[in-house]
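Number of protein chains: 4
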Amino acid sequence: MTLAASAADDDDFGPVRLRIALALDYDVAEPGCDFIFNIHAAHTERQHVVTETLTLSQPLQPAVETDPATHNRYLRVQARPGPLQVAYSATIDLRHHVADPGTIAEVQIARLPLNVLSYVYPSRYCQSDRLHRFAMREFGHLWQGYGRVQAIHDWVLERTAFTSNSSTSDTSAIDTLLGTVGVCRDFAHLMIALCRAVNIPARFTTGIDYGADPALGPPDFHAYVEVYLGDRWYLFDPSGTAIPMGFVRFGTGRDAADVAFATIFGSVTSRAPRIGIESIAGDDGRQITPRHVPHALSTDG
Amino acid sequence: MTLAASAADDDDFGPVRLRIALALDYDVAEPGCDFIFNIHAAHTERQHVVTETLTLSQPLQPAVETDPATHNRYLRVQARPGPLQVAYSATIDLRHHVADPGTIAEVQIARLPLNVLSYVYPSRYCQSDRLHRFAMREFGHLWQGYGRVQAIHDWVLERTAFTSNSSTSDTSAIDTLLGTVGVCRDFAHLMIALCRAVNIPARFTTGIDYGADPALGPPDFHAYVEVYLGDRWYLFDPSGTAIPMGFVRFGTGRDAADVAFATIFGSVTSRAPRIGIESIAGDDGRQITPRHVPHALSTDG
Amino acid sequence: MTLAASAADDDDFGPVRLRIALALDYDVAEPGCDFIFNIHAAHTERQHVVTETLTLSQPLQPAVETDPATHNRYLRVQARPGPLQVAYSATIDLRHHVADPGTIAEVQIARLPLNVLSYVYPSRYCQSDRLHRFAMREFGHLWQGYGRVQAIHDWVLERTAFTSNSSTSDTSAIDTLLGTVGVCRDFAHLMIALCRAVNIPARFTTGIDYGADPALGPPDFHAYVEVYLGDRWYLFDPSGTAIPMGFVRFGTGRDAADVAFATIFGSVTSRAPRIGIESIAGDDGRQITPRHVPHALSTDG
Amino acid sequence: MTLAASAADDDDFGPVRLRIALALDYDVAEPGCDFIFNIHAAHTERQHVVTETLTLSQPLQPAVETDPATHNRYLRVQARPGPLQVAYSATIDLRHHVADPGTIAEVQIARLPLNVLSYVYPSRYCQSDRLHRFAMREFGHLWQGYGRVQAIHDWVLERTAFTSNSSTSDTSAIDTLLGTVGVCRDFAHLMIALCRAVNIPARFTTGIDYGADPALGPPDFHAYVEVYLGDRWYLFDPSGTAIPMGFVRFGTGRDAADVAFATIFGSVTSRAPRIGIESIAGDDGRQITPRHVPHALSTDG
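Residue numbers (the numbering used here), protein chains in the order written: chain G, 131 to 431; chain H, 131 to 431; chain A, 131 to 431; chain R, 131 to 431.
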């Protein structure tokens, strides 16, 4: 099969180099407001941060720490009253693991790595325990493997309408299943919950995506899904709004409760983030622009 | 103050040695059922496993792995059809950190260690996000510190009636707040949710407890709460049914979704676990029997 | 078509005569416990109570009142401490309205009788508002009429497993949709919610049914569904456990919140009700035993 | 006591005459959209509609029907595509029943009129069954009577912040209890649920109110609460935003599911309603302007 053949040749598409920039804008109303930002591109084996810059409008001592389990990078600041602007820009190289979907199997529970296990359990927004029988009825009879996960992806995409402002911070996978509307975060929660409900580990990933449809509004943070299959985490975008090959990873977690791009403790007003992403040429002068491909892609492991 | 004085003297009560034994009993209906057990006492700096024995009635190769982040020890087996008995016994030494509650402060979000942060976020059974305003109204005005957490503990204990079989695997902190009944797991979830709702990290711990009231039924697994204060996790038992000084830790997690003593994938029937715990003399011949004390206790860090 | 022809002949199957008996058994723990029973067969144009007897073991003054809107008959007593037995028996004649399903249309909202309108709105256990988009996706495209309601009936029956003790007094239509298990009450709530979600009036009916499968346990109260189509309420049994032609109506309401067979205010323990039903010959000596028929049946209007 | 004396004198304050006007504005996108309006002032023994006018911008045949159980008046129209304006104005006389709160008792379940009973049961937005133990803990020990209901009213008012746009059509009493914010409808649902949870009948009433604080925005429909005490339904306004003496009743029901001012079936866009209310002199030339009074007021029965 041609997919397998081409994947065997070089295991990837060559590095995809992306240039990202984001600007956040707050008004801090009282002293001592704490911010936890997760707006740094993660360093992983397959996502290389070539350069990056962080600028804060207040004279703060930014501390950036990396969580060893997830590679999430957290910036914590305690801001003073008044305006606070945060600007981050970076150049990122992605070197995808590329595989033929037809060759990727599910992993028996007994063989899952320990650090994957917690992603089979239910979480705040992904109540997979309540969906077990429902999901087994829909997907339990399917051939196990990447194709079954693709079927869950397609089911979510087909039944759910992307509608801005249709959900709140309380909206869970069950709400989305019943309401049949949502934004990228809601699509992701529903797909994750259904995967876990049939005992397939799935997790929530956030970042910035290349190639979003401008009809959906100005560029924004994106949430997508990773599913553990074979021996690694594969990318899925159940909202169908982005190009998986153009994802830049910021945060990885169980669901949106874990990986807000900003968690704020205190009285703060905020404006919409401004976000940009572009594809540029790599060190070798070649420009690999993200595009839809039929392959299974992973940027983890 | 006398508490501080006595704590300053030796930092603990001397080692508490406990002997525990548990027996689990299953009928496996089909080939290939996976079990993930979390029934091994955790090894921590303050909980020392002196000896332990594991016996399985089937000729399986038990693999026991330790999660580096939580110290949880997982036994995974894939069982054959037929009966399966699992027996575990161990001798444990606990050497508590002991502190005067009046000296223990809360930790600002900006200063929390990174590996503590995720315990501020909502989880499957502890929807702290939905309880933020409710909790701030009840507890937001209290003096910050151990005393505030004790107030949350007392509030949960006072408003909730311990009632066997009053909850299901779907019961969450909100259900318990409204229903005002539950078992130890439910008390723990409610206390955790209320702590997180006022931005205090709290987590769910399971194990076996010494000194449970026999009126509550035969000895069973116990769930309790740890709250991050000062520079470590302190023990709380909002169900009021056990003696915190007699807790043997098996699992630590966000809530019950993370730390079931047994997670079973497949068609299996089970009987009630048989559990025993006794206080015995330590290596120095002294027997320190767990008792209620007015001090703050920690077995972590 | 033969169905229409036979229905045109006599509009019904001749009277179905049933003999029912029920016995309820309580221990009243404190003075002044109020009971509201709905255990009298309703008098309607098509359900005739030939004879009936009520016996109470305490010397109470039973007051039986009939709600003019629903025909529900309520027995209210304030019991003394000690045992209370309530026995009711009756002989009932049912004279069904019989119609060919293919001829029965839905009714436009603008043309619904005023006393039917409230059965389009959501209720405690039938959150049709939350299921609107879900139901429109599943059933919105179907040909409007009895057949669409039959499709909803079949969908519920096919996806839900009848399982004793699988639900509680808190279980709603959404829980049943997700959990895919329930008892007759849960099947009824789900079918009602889905009908209302596509703007078809549906209501909850309780009583005793002839012909229940003994494998489901001893005879019990039954809950079924009525849907307003054409110019009357037609019977549906989404649990598939009974013979609609053998339903004896006690109560009619929006959902189970309205028509418990017993609502008890105070401290009372109860035992399982004992219930009997048999088919007997009518005044003309003919015995019409309830059986499954392909016709649409109504006992209302 | 002076309250009792003054109430004994004339049983009311003299008729309160109010002039109301409302205008609704829609764009109908497709043929055959059905509207059910409940925008006519109810005719009751104590609310007299002196004059009224209805104007529709489309040449429709408006049918207005009165529900005999609730006195709700429903206007149903099937609109054509294009703009639709609905204007209603009326002059209303209110003649309140006035009583001394201290003399008003609760009614035993056994003595409640049959047509009041259903208002003890849970409904879509008022899940009193789930709040029974919670409410008994808060209010179960209080002296039974008007004062206990006033305590529930005060509890809701004190704990809940009036916040525009803080709730959706899915928000229930439990959400409001936990979230501690809402609009008038949410305050009403929570008070109703808590009353029913301690077995006191309570219902949801909509209409227009005199004297709303302009700081809350332009005049709007209002939702308030009626509680059955003594021998009639007494008015409560748990949102604290209006003057109960100035309520004009449109609809009465179990909760907001029953008495939307407009229920629309089809694709329609709408603008904010324009509403006016003023106090004018009555037939005798006296003008009684609604004001806050310490008496218990009823406009029902």
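We put the beta carbon where it would ideally sit given N, CA and C, even for glycine.
Can the beta-carbon of residue i be found less than 8 Å from the beta-carbon of residue j?
i, j, result
"Ala-323(R)", "Ser-369(R)", "no"
"Leu-365(A)", "Ser-428(A)", "yes"
"Asp-343(R)", "Ile-405(R)", "no"
"Val-207(A)", "Leu-184(A)", "no"
"Phe-317(H)", "Arg-384(H)", "no"
"Phe-391(G)", "Phe-380(G)", "yes"
"Thr-393(A)", "Thr-200(A)", "no"
"Leu-152(R)", "Ile-169(R)", "yes"
"Ser-253(A)", "Ala-387(R)", "yes"
"Leu-308(A)", "Leu-261(G)", "yes"
So if DSSP puts residue i in a beta bridge, which residue, or which two residues, is it bridged to?
i, result
"Val-313(A)", "Per DSSP, none; premise fails for Val-313(A)."
"His-227(R)", "Ser-428(R)"
"Leu-152(G)", "Tyr-218(G), Ile-405(G)"
"Gly-162(G)", "Note: Gly-162(G) sits in no beta bridge, so no partner."
"Ala-323(G)", "None, per the DSSP bridge assignment."
"Ala-240(G)", "DSSP, once it has assigned bridges, lists no residue as partnering Ala-240(G)."
Taking the alpha-carbon positions, what's the residue i to residue j distance?
i, j, result
"Thr-174(H)", "Thr-181(H)", "14 Å"
"Leu-205(H)", "Val-398(G)", "46 Å"
"Phe-269(R)", "Glu-356(A)", "38 Å"
"Pro-145(A)", "Gly-341(A)", "17 Å"
"Thr-298(R)", "Arg-401(R)", "17 Å"
"Pro-420(G)", "Thr-221(G)", "15 Å"
"Trp-273(G)", "Glu-236(G)", "10 Å"
"His-319(G)", "Arg-326(G)", "11 Å"
"Leu-244(H)", "Gly-312(G)", "31 Å"
"Thr-310(H)", "Ala-291(H)", "6 Å"
Quick check on residue i: does DSSP put it in helix, strand or coil?
i, result
"Trp-363(H)", "strand"
"Gly-376(A)", "helix"
"Ser-428(H)", "strand"
"Pro-213(A)", "strand"
"Thr-132(H)", "Low confidence applies here, because Thr-132(H) scores a pLDDT of 43, under 50, leaving its location unreliable; read the following figure in that light. Here Thr-132(H) sits in helix by DSSP."
"His-352(A)", "strand"
"Thr-196(H)", "strand"
"Ala-138(H)", "In this predicted model, Ala-138(H) has a pLDDT of only 39, less than 50, meaning its place in the structure is not dependable enough to derive any value."
"Gly-415(G)", "coil"
"His-178(G)", "strand"
"Thr-233(G)", "helix"
"Phe-395(G)", "strand"
"Gly-275(G)", "coil"
"Ala-332(H)", "strand"
"Ala-342(A)", "coil"
"Asp-157(H)", "strand"
Name, please, each residue of chain H whose Cβ falls closer than 7 Å to the Cβ of residue i.
i, result
"Glu-356(G)", "Simply none; closest approach about 18 Å."
"Ile-304(R)", "Leu-308"
Residues of chain A with a CB under 8 Å from the CB of residue i: which are they?
i, result
"Val-378(G)", "Going along chain A, no residue has its Cβ under 8 Å from Val-378(G), so there is no contact; the nearest lies around 33 Å."
"Gly-150(R)", "Contrary to the premise, residue 150(R) reads as Ile rather than Gly in this sequence. Residues of chain A passing the Cβ test: none, with the nearest at roughly 24 Å."
Please compile the residues from chain H whose C-beta is within a distance smaller than 8 Å of the C-beta of residue i.
i, result
"Gly-309(R)", "Arg-260, Arg-263, Phe-264"
"Arg-289(R)", "Arg-267"
"Ala-199(G)", "Ala-199"
Under 9 Å between beta-carbons, which chain G residues line up against residue i? List them in chain order, please.
i, result
"Arg-176(A)", "Those do not exist, as Arg-176(A) stays about 37 Å from chain G at its closest Cβ, beyond 9 Å."
Cβ of residue i within 7 Å of any heavy atom in the ligand ZN?
i, result
"Asp-197(R)", "With respect to the ligand ZN, the structure shown offers nothing to examine, as it has no ligands at all."
Give me the chain R residues within the contact set of residue i, using Cβ-Cβ distance strictly less than 8 Å, ordered along the chain.
i, result
"Arg-326(H)", "Under the 8 Å cutoff, chain R gives no residues; its nearest Cβ is about 14 Å from Arg-326(H)."
For residue i, which residues in chain A fall below 7 Å Cβ to Cβ?
i, result
"Asp-388(R)", "Ser-248, Tyr-251"
In chain C, which residues lie with their C-beta within 7 Å of the C-beta of residue i?
i, result
"Arg-254(G)", "The chain labelled as chain C is not found among the protein chains of the depicted structure, namely G, H, A and R."
Cβ closer than 7 Å: which chain G residues qualify as neighbours of residue i?
i, result
"Arg-206(H)", "Ala-240"
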